[in-house]
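To start, the structure itself, in structure tokens.
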Amino acid sequence: MTSATSIAFAPLVPWAVLGPLIALAAAVLLLAALRRARGTGWRLLALTALMLALANPSLVREERDPIKDVAVVVVDDSPSQDVGRRRERTEAALARLRGRLEEQPDLELRVVRAGGDDGALGETRLFEALERAVADVPRRRLAGAVLVTDGQVHDLPAGARGLDTMGPVHTLLTGERDEADRRLTVVQAPNFGIVGREVTVTLRVDDLPEGSDGEAMLTVRQDGGEARAYRMRVGADQQLAFPVEHGGQNVLEFEVEAASQELTLANNRAAVVVNGVRDRLRVLLVSGEPHAGERTWRNLLKVDPGVDLVHFTILRPPEKQDGTPTRELSLIAFPIRELFELKIDEFDLIIFDRYQRQGVLPQLYLANIAEFVRQGGALLEAGGPSFATPLSLYRTPLGEVLPGEPTGEVIEQGFHPRVTETGRRHPVTAGLPGDGGADGAPQWGRWLRQIEARPTSGTVVMEGAEGRPLLILDRVGEGRVAQIMSDQIWLWSRGYEGGGPQAELLRRLAHWLMKEPELEENDLRTRVDGSRITVERRSLEPDDRPVTLTGPDGAERELELTEDATGLASAVVVADTPGIYRVTDGERMALAVVGAVNPPEFADLRTTEEAMRPAAEASGGGILWLAEHGDGDGIEVRRTDADGTQAGRDWIGLRANGDYVVTGVSEAPLVPAGLVLLLVVGALMAAWRREGR
């Protein structure tokens, strides 16, 4: 508690009136003095006493309670602080600052940490932390701020705006001068690429600060696969081309060998995520004969703008001879050789709908289709009654890739398609709308015909009449095959007995055939939402094995997955640093990219004062290197005036504002009324007497 005394005026008449009166009286007295009039001195005394009484001065005494100034120390906890002795110096400097500042009775110390788990993965945002720390403090109470960092700060206000009101902002740098490092930079990379085509990535290797004209070995991994080596010229941009192998995320990892001098190998690695998209799905639909379900296939494929459909219906097989002249036929000749020999590789999916051997497709071309599947193509066969006859496609070279062997029986009865136990774990049929589950009846309409077949390979995901296989999925070589043992799915599209999810089923089926990652039945994958990583494993058989999560720094941890009824097991983990995380269960591996793929934090890990110089200049703060001052032991902290110098070669200053709160006020008049009256009357009488002589 302190006190202060001051003089306050409470004029009996407004200053606007009193001021001119004082000026007029002064002019009259000045004129009298120039004319050497008698009694001028006494008149001056009388007027002074009168004006003093009108000004009504009083002595004011205030009881004041001093308010502590606030100083903030912001500690950089970002990953770049792990380089060398930076973290050690930071903690040592913080301990010394805390000890010195807490000893000062008129100072409140606030310590905040930023850049670690504040959610801004990939960037160090110290000034946001500083603003939050002083949000409840009036600017007149701020003594200043001290930032203990390596200089890698990414949120400095434009033009250091607003920092001049915070007091001096000082920077204590934790690294060392003239550090050398090698870094790998992604100069340019696309976000998207067409599946099956190549994308070009531009990379650059730099040796800082001097640069080099030599070469460095670069290792590249695509989706965690085998490593490939390239020679990179140091200090020059170089373009590399990579194929987009599948839809979804294609992760390219780059790592350059270490240089002779390295701060860290963290910025010797970089990554690019290319989202694979299909240009257009090219589908060839061959209908063996016109039937009620033919339009269902056509409408489903034509409604999707991402599908290029080529559709042929066999209306007139070669053996049909009815005497009609050729010139009167308006049918298009089936371009057999062009489709099944010259351009077969241009298609992504071939569909046979109720097709039978009619002599239209020679055995050689059916063998081409089988080879097309083995080389990575997709085949969907929807069989009609002819599949159970000797004219079945199974009796051709195509039978080598079909998973269902017909028994020769056609079941003509109504039945509800059901998802099998395995099918409830398969992404094509798991959770189909209307599926009643293991114990409930399906909530969709019946089909009226099924071709009996015996599965020779693949997975039965739906069953029909009396539990017979209805939908069989199989992998053949690099390709995939789906077989529907009925031609009645069109009943669902027509709404028969309530219809069914034919659009959703066929959409999933097409995506599975096209190897879309989200439809893989035995798969390990990840999803990233901010800093949360969701690990998911789908399998057709129960699997209780834990998975191993490897962070960007190489640290490993095991995760236990919880499985649901659809065979999807999952776990959630929060990432503490940005970068690429690897997940493996011993057989499969998945990648998760958290935060910025190539965070600015690692763009240049050398300690620098350039980023903080605008803040120091705007606020009057200083920039000192801890390594040059005994890790902070040789740095003095002073309290300074607001208008004085705030930093020196070995000291930093915190502004002493002297703010206070008034807790009490007492007031006493300086000029008693009786005394004023006595002075005025006495002086006037003395002046009259002097003039009368």
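In my numbering, the protein residues as written are 440 to 1132. Glycine included, C-beta positions come from ideal geometry on N, C-alpha and C. Model, not experiment: these values are computed from the prediction.
Between the alpha carbons of residue i and residue j, how many angstroms are there, rounded?
i: glutamine 802; j: lysine 954; result: 28 Å
i: threonine 402; j: threonine 613; result: Within the shown structure, residues of the chain are numbered from 440 to 1132, placing residue 402 beyond reach of any answer.
i: methionine 1051; j: leucine 595; result: 8 Å
i: glutamine 814; j: threonine 1047; result: 55 Å
i: glutamate 665; j: leucine 1007; result: 28 Å
i: glycine 916; j: tryptophan 951; result: 15 Å
i: glutamate 615; j: proline 648; result: 14 Å
i: histidine 1068; j: glycine 1092; result: 16 Å
i: glycine 1059; j: glycine 1087; result: 11 Å
i: valine 511; j: valine 638; result: 49 Å
i: threonine 859; j: glycine 897; result: 14 Å
i: tyrosine 794; j: proline 744; result: 26 Å
i: aspartate 1098; j: alanine 447; result: 21 Å
i: arginine 1094; j: aspartate 508; result: 8 Å
i: glycine 934; j: isoleucine 928; result: 11 Å
i: leucine 819; j: glycine 663; result: 31 Å
i: arginine 776; j: glycine 937; result: 43 Å
i: threonine 444; j: valine 499; result: 6 Å
i: glutamate 780; j: glutamine 677; result: 40 Å
i: glutamate 1106; j: tryptophan 1090; result: 44 Å
i: isoleucine 753; j: lysine 782; result: 20 Å
So, residue i versus residue j, is the Cβ gap smaller than 9 Å?
i: leucine 702; j: aspartate 620; result: yes
i: leucine 724; j: valine 749; result: yes
i: tryptophan 883; j: proline 940; result: yes
i: alanine 926; j: alanine 821; result: The sequence shown places aspartate at residue 926, rather than the alanine named in the question. Taking 9 Å as the Cβ cut-off, aspartate 926 and alanine 821 qualify as a contacting pair.
i: alanine 892; j: alanine 817; result: no
i: valine 573; j: alanine 532; result: no
i: tyrosine 1020; j: proline 985; result: no
i: arginine 571; j: methionine 605; result: no
i: leucine 657; j: leucine 602; result: no
i: alanine 809; j: leucine 837; result: yes
i: arginine 1134; j: arginine 864; result: Any question about residue 1134 goes unanswered here, given that the chain covers just 440 to 1132.
i: threonine 861; j: valine 900; result: yes
i: isoleucine 1062; j: arginine 535; result: no
i: proline 856; j: proline 881; result: yes
i: aspartate 521; j: glycine 554; result: no
i: valine 1032; j: serine 970; result: no
With a cut-off of 8 Å on the beta carbons, I'd call residue i and residue j a contact; round off their distance for me.
i: arginine 717; j: valine 634; result: 5 Å
i: valine 867; j: leucine 912; result: 7 Å
i: alanine 710; j: glutamate 696; result: At roughly 17 Å, the Cβ-Cβ gap does not stay under 8 Å, so alanine 710 and glutamate 696 are not in contact.
i: leucine 788; j: aspartate 747; result: Wrong, their Cβ atoms sit about 11 Å apart, outside the cutoff.
i: valine 585; j: histidine 609; result: 5 Å
i: glutamate 562; j: proline 1039; result: 6 Å
i: threonine 965; j: valine 1022; result: 6 Å
i: glycine 715; j: glycine 632; result: 6 Å
i: alanine 942; j: leucine 740; result: Not really, about 11 Å apart at Cβ, beyond 8 Å.
i: isoleucine 850; j: arginine 888; result: 7 Å
i: valine 640; j: alanine 655; result: That pair is no contact at about 16 Å.
i: leucine 1030; j: valine 713; result: The Cβ separation is near 13 Å, so there is no contact.
Taking all protein chains shown into account, decide if residue i is buried (16 or more other Cβ within 10 angstroms of its Cβ) or exposed.
i: leucine 469; result: exposed
i: leucine 463; result: exposed
i: glycine 908; result: Checking the sequence, you will find proline at residue 908 rather than glycine. Classification of proline 908: buried, given that the 10 Å Cβ count is 16 or more.
i: phenylalanine 791; result: buried
i: proline 607; result: buried
i: aspartate 435; result: Missing from the structure shown is residue 435; the chain here goes from 440 to 1132 and no further.
i: methionine 671; result: buried
i: glutamate 733; result: buried
i: aspartate 1003; result: exposed
i: threonine 835; result: buried
i: tryptophan 454; result: exposed
i: asparagine 630; result: exposed
i: alanine 994; result: exposed
i: threonine 735; result: buried
i: methionine 1124; result: exposed
i: glycine 906; result: exposed
i: aspartate 1072; result: exposed
i: asparagine 700; result: The sequence shown places glutamine at residue 700, rather than the asparagine named in the question. So glutamine 700 ends up on the exposed side.
Taking 8 Å as the cut-off, does the CB of residue i come closer than this to any heavy atom belonging to the ligand NAP?
i: leucine 540; result: Looking for the ligand NAP in the displayed structure turns up nothing, as the structure carries no ligands at all.
Does residue i have its Cβ less than 9 Å from a Cβ in chain B?
i: glutamine 678; result: Considering every chain present, this structure includes no chain B. It has just one protein chain.
Quiz prompt | Entirely enclosed beta strand (DSSP E) segments - the segment 850–925, minimum 3 residues | solution = 889–894, 898–902, 908–915, 918–923
Practice problem: Pick out the complete alpha helix (DSSP H) segments inside the segment 533–605, 4 residues or longer, and give them in chain order. | Solution: 565–572
Exercise. For the segment 678–747, list the beta strand (DSSP E) runs that are entirely contained and at least 3 residues long, ordered along the chain.
Key: 687–695, 708–716, 720–726
Exercise. Taking only runs that begin and end inside the segment 1068–1109, name each unbroken beta strand (DSSP E) of 3 or more residues, in chain order.
Key: 1075–1079, 1090–1094, 1099–1108
Quiz item: At which residue ranges does the segment 622–677 contain complete alpha helix (DSSP H) runs of 4 or more residues, listed in the order of the chain?
Solution: Here no run is fully enclosed.
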